[in-house]
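For reference, each letter of the first sequence is one residue, going 327 to 893 in the working numbering. Think of the CB as a built atom: it goes at the ideal place given N, C-alpha and C, for glycine as much as any other residue. See below for the structure under consideration.
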Amino acid sequence: MFLEFKRQVSSALTDALASMGFQVDDLGLEPSQHADIASKVAFRLAAQAKQNPGELAGRIAEAIFLPDDSLIGKVSAVGPYINIDVSRSYIDDTVFMIRKEEGGFGGGFCQGRILLEHTSANPNGPLHVGHIRNSVIGDTLRRVLKRAGYDVETQYYVNDMGRQIAIVSWALSQFEFDTTRKPDHAIADVYIKANAELSAHPEKVSEIDSLMQQVEKGDEATIKSFDEAVAVAVNGIRETLLRMNVDHDSFPHESGFVRSGAVSRIVEEVKATGRTKVDGGALVVDLSDYGFEKSLVIQRSDGTSLYTTRDLAYHEWKGERADRMIDVLGADHKLISGQLKATLNAIGKREPEIVIFEFVSLPEGSMSTRRGKFISADELLDKIEEQAYAEVDKRRPEMPGDFKKDVARNVGIGAIRYDILKVSPEKSTVFDWKEALDFEKQGGPFIQYSHARACNILRKAQEDGLWDPPRPVDPSLLVEDTEVDLIKKMASFDSVIEASARELKPNSVAIYARELAESFNQFYRLVPVIGAEDEELRAVRLALVDCARIVLANALDTLGIAAPESM
RNA sequence: GGUCCCGUGGCUUAGCCAGGAUAUAGCAUCGGGCUUCUAACCCGAGGGUCGGGGGUUCAAAUCCCUCCGGGAUCGCCA
């Protein structure tokens, strides 16, 4: 709704400026505390018009023409600013639109096919609290882009032939696999042992090298042993992801690109650019004209491919299947992803858009699967659900155990996903148990609670025979400040989704959801719904609560957080 | 040492890319509010040299330079 308002503002303002003989490409529109939207275009034109911005703003405001059905209600110049407020029909239409569009409200304005890659952690152990930052950002981006209207496919790119996997495979032949543990954790156990063994006996590293050569050559027995190890770990990882409401559409494996010949083909394409040379037996690419001082190795001296080489083939494949490619990667991939893009560009292929997130470390230092220094996502999820159960039990002691378990699960996941999302990806963080398990007041559960509260009012009204959804209502009766504020907040959902999809920044949706819940709570505290003074007013307020329920549910869905009807 | 990211009240954080009206919230602290739709709530108060310094501009948290602090990275790991 806000997007349409903004379009009308842009067009009215552009017309007004044209009538005065100005042509501007930047209208300087910005959100404001003084109006629903403000323009600072008078600042820009002041010099050109040889007038002071204040006078100019006044003249522009007067030149704006508003048709009868405009979503713009009021235009006024305050100093150099042009303040623009929405009209009453904007408010009334919003109530109407939300109930008409329901789950689709706030989206559907973009189109195209997107391939989104995220998580893609090495299958050498369970996901840890750093990996899930990738998963939550990636999965939320998927939800944002889908809501915006894109056709999105998410992929987990499985490393099934790198050095780490060779070590896992080797480890399984050296150490006993604990079948009583969750498989990805059991994989980590032997992987950690193997790494210790290899650093104590460096001569054994050649066994790893030979495994990798076998796989690259297509040796079936070795491939089979790799595949089995990878499948075991991936199953465990997938289980954790699904537990967090993160679902991937497909799991392409690196080896597929070697076997199909795509990797060798792309190496030849890179060679054909004349950028390559052999350095110490390895094949390297010169990317100095792209600003990379160090050349990029795309083939080891023993002829085997590297992650980067396979990634080139993977991106070539993705580029042929989508309008946009987006990769969510940790900060350690900054350089390599830049080199990847440059190489793709050099051979005339499409480049992915990269979303980088900074690291999550432990108070004692960075995490490492290899050294066994990490906190697993499963451990965090277990603890938070336990904590959440205690909270539900305290508040709803009379409810059955299944209800409490269900709420605890939803609230726990909501708390974790919200905690991760509320911080911009570019900030590095230090994991803190106390903070992670603290049900911070206005986090995920706060929003979920607001939704449950809206549901509860509607349920109660229904029980009392007061709620009749199809009944026509008159939104113009909604005149309380908290009512209007709530409606405006709901109306702006589309612009939040639009900006988040455009900037690939999921955290703005998290902030919006919290503000929306806050607006609803303020309304709830100040304005009686079921106890409204007359039937007409009660009906339209119930409709408003229904709107809040819908938009809160949509926002929560976009964040990948469940919207319980009761908690 | 080079490159990239970050540095906003006691703690966490928005805004920075597209410079403008009293710098955003949360936690914590203090005070007020449950006979009324679930108080996982609401209202109010105190608390900030926007890391330091310089520059550009009518105007800088935002752009440029520099320094300090933290993180990442710097060819045959991913």
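Just to confirm, are residue i and residue j a CB contact at a threshold of 8 Å?
i              : j                 : result
valine 335     : valine 350        : no
valine 681     : isoleucine 463    : yes
arginine 569   : leucine 707       : yes
glutamate 841  : lysine 814        : no
leucine 613    : threonine 602     : no
alanine 668    : phenylalanine 700 : no
leucine 298    : alanine 839       : An answer regarding residue 298 cannot be provided, because it is not within the stretch 327 to 893 covered by the chain.
serine 892     : alanine 778       : yes
leucine 441    : lysine 644        : yes
lysine 530     : phenylalanine 501 : no
isoleucine 390 : serine 413        : no
methionine 651 : histidine 641     : yes
aspartate 820  : glycine 433       : yes
glycine 770    : isoleucine 876    : no
In terms of residue numbering, what span does the alpha helix (DSSP H) encompassing residue i cover?
i              : result
methionine 816 : 807-817
tyrosine 407   : Note, tyrosine 407: premise wrong, no alpha helix (DSSP H); beta strand (DSSP E) at 407-412.
serine 345     : 328-345
isoleucine 652 : It is not in any alpha helix (DSSP H) - isoleucine 652 instead sits in the beta strand (DSSP E) that spans 650-656.
glutamate 862  : 861-885
proline 509    : 509-526
Quick check: the Cα distance between residue i and residue j, rounded to an integer number of angstroms?
i                 : j                 : result
alanine 780       : alanine 874       : 7 Å
phenylalanine 431 : threonine 808     : 21 Å
isoleucine 677    : glutamate 443     : Here residue 677 turns out to be glutamate, not isoleucine, going by the sequence shown. Roughly 13 Å separates the two Cα atoms.
serine 551        : glycine 451       : 16 Å
arginine 473      : serine 627        : 47 Å
proline 726       : valine 871        : 28 Å
arginine 696      : lysine 426        : 53 Å
proline 798       : glutamate 428     : 16 Å
serine 337        : glycine 405       : 22 Å
glycine 562       : alanine 598       : 42 Å
serine 358        : aspartate 615     : 44 Å
tyrosine 715      : alanine 559       : 29 Å
alanine 373       : alanine 342       : 18 Å
aspartate 741     : alanine 843       : Checking the sequence shown, residue 741 turns out to be alanine, not aspartate. Cα-Cα distance, rounded: 15 Å.
aspartate 653     : serine 826        : 16 Å
glutamate 356     : serine 365        : 6 Å
serine 818        : proline 795       : 24 Å
alanine 836       : isoleucine 773    : 10 Å
serine 396        : phenylalanine 846 : 27 Å
isoleucine 739    : lysine 620        : 43 Å
proline 689       : glycine 698       : 15 Å
phenylalanine 303 : aspartate 790     : Residue 303 cannot be examined here, being either before or after the span of the chain that is shown, 327 to 893.
glycine 438       : leucine 885       : 21 Å
proline 528       : arginine 636      : 27 Å
threonine 566     : lysine 508        : 10 Å
tyrosine 416      : methionine 327    : 8 Å
leucine 863       : serine 776        : 22 Å
Terminal residues of the continuous beta strand (DSSP E) containing residue i?
i             : result
arginine 779  : First-last for arginine 779: 770-789, but that is the alpha helix (DSSP H), not the beta strand (DSSP E).
lysine 853    : Sequence check: residue 853 is valine here, not lysine. Segment: none, valine 853 is in no beta strand (DSSP E) and carries neither H nor E.
threonine 602 : 602-605
leucine 609   : 608-611
glutamine 539 : Here glutamine 539 belongs to no beta strand (DSSP E); instead the alpha helix (DSSP H) covers 531-543.
glutamate 428 : No beta strand (DSSP E) contains glutamate 428, which DSSP labels as neither H nor E.
valine 478    : 477-481
Just verifying my parser: in three-state terms, what is the DSSP assignment at residue i?
i                 : result
histidine 454     : strand
serine 402        : strand
arginine 439      : strand
histidine 423     : Here residue 423 is methionine; the residue named in the question, histidine, does not match the sequence. In this structure, methionine 423 counts as helix in the three-state DSSP scheme.
threonine 630     : coil
glutamine 625     : strand
histidine 641     : helix
valine 367        : helix
phenylalanine 729 : helix
methionine 693    : coil
arginine 314      : Outside the displayed range of the chain (327 to 893) lies residue 314, so it cannot be described from this structure.
glutamate 891     : coil
aspartate 486     : coil
serine 461        : helix
phenylalanine 683 : strand
lysine 699        : strand
leucine 392       : coil
histidine 659     : helix
serine 576        : strand
glutamine 377     : coil
valine 584        : helix
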